[in-house]
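The listed protein sequences derive, respectively, from chains A and B.
So the first sequence is numbered by our numbering: it starts at 10 and just counts up by one.
So the second sequence is numbered by our numbering: it starts at 48 and just counts up by one.
Okay, so here's the structure we're looking at.
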Amino acid sequence: AQSVTQLDSQVPVFEEAPVELRCNYSSSVSVYLFWYVQYPNQGLQLLLKYLSGSTLVESINGFEAEFNKSQTSFHLRKPSVHISDTAEYFCAVSVPRGGYNKLIFGAGTRLAVHP
Amino acid sequence: DAGVTQSPTHLIKTRGQQVTLRCSPKSGHDTVSWYQQALGQGPQFIFQYYEEEERQRGNFPDRFSGHQFPNYSSELNVNALLLGDSALYLCASSLAAATLSNEQYFGPGTRLTVT
């Protein structure tokens, strides 16, 4: 079975400061890794994903995450955050099984960006 | 291009009642997954439908059932509602053939409150 642990439930940070949201996973087989963002009263939006290849993946709005197989981690980073980045962030894994790709989520990290 | 849509947006029911939630997938998608997100938690996988059949199921009781129609839209039914069923119910769609991208697109969710 797979599981996801997000090590911080809340991360407060000042605007323009760097941030790291931590994610560790457990799995006996290879997995795909995802970060989703949820703004207040909205559904989930895919931020970035790791399927294979380069271990560093980037999003269009400045976030990046690095897959570390030895540490079973997929931490999310941004060098300079904006007020608009305030949201709930979820790390998730799925096991490649043809078209059957259920997601297993962590409990989420609330990022609060202060002016 | 319409994304994933869900109805209704909010719903209030009484314990013991039954509820039906609806989901229309993103255009071109043929697979629908349902997730339950309790307050302050990450989404939990309920089940997944493809070709009008339940393909995977999470750890939810038989009170939770679903259906997929020929146009790929889906319904989630919950019988004998309990207070603990209060949550945001998220629908996600994907394309079964796109196994490499493995990406699920989420709707805005239906907020169910059981009193």
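Here a beta-carbon is modelled for each residue, glycine too, at the ideal position from N, C-alpha and C.
Opening and closing residue of the beta strand (DSSP E) in which residue i lies
| i | result |
| --- | --- |
| histidine 123(A) | 118-123 |
| glutamate 150(B) | Careful: glutamate 150(B) lies outside any beta strand (DSSP E) and carries neither H nor E. |
| tyrosine 96(B) | 91-97 |
| asparagine 124(B) | 121-125 |
| lysine 87(A) | 82-87 |
Sub-8 Å separation of residue i and residue j beta-carbons
| i | j | result |
| --- | --- | --- |
| alanine 134(B) | glutamine 83(B) | yes |
| glutamate 150(B) | leucine 65(A) | no |
| valine 66(B) | leucine 159(B) | yes |
| glutamate 101(B) | proline 117(B) | no |
| leucine 60(A) | glutamate 67(A) | no |
| leucine 112(A) | phenylalanine 43(A) | yes |
| threonine 118(A) | tyrosine 98(A) | yes |
| proline 155(B) | glutamine 51(A) | yes |
| serine 13(A) | glycine 115(A) | Note on residue identity: the sequence assigns valine, not serine, to residue 13(A). Contact flag set, yes. |
| valine 161(B) | lysine 73(B) | no |
| histidine 76(B) | serine 121(B) | no |
| serine 80(B) | glutamine 95(B) | yes |
| leucine 142(B) | arginine 62(B) | no |
| alanine 96(A) | leucine 120(A) | yes |
Reduced DSSP category for residue i - H, G, I as helix; E, B as strand; rest coil
| i | result |
| --- | --- |
| serine 93(A) | helix |
| leucine 68(B) | strand |
| alanine 101(A) | strand |
| glutamine 88(B) | coil |
| glutamine 53(B) | strand |
| asparagine 110(A) | coil |
Residues bridged to residue i (per DSSP)
| i | result |
| --- | --- |
| leucine 159(B) | Leu58(B), Ala134(B) |
| arginine 104(B) | Phe94(B) |
| histidine 114(B) | Glu122(B) |
| glutamate 25(A) | Paired residues: none, contrary to the question. |
| serine 80(B) | Gln95(B), Ala139(B) |
| glutamine 15(A) | Cys32(A) |
Interface flag, residue i vs chain D, CB-CB below 8 Å
| i | result |
| --- | --- |
| leucine 53(A) | The structure shown contains no chain D; its protein chains are A and B. |
- Residue ranges of each beta strand (DSSP E) within the region 28-73 of chain A, 3 or longer: 28-30, 32-35, 41-47, 53-59, 65-67
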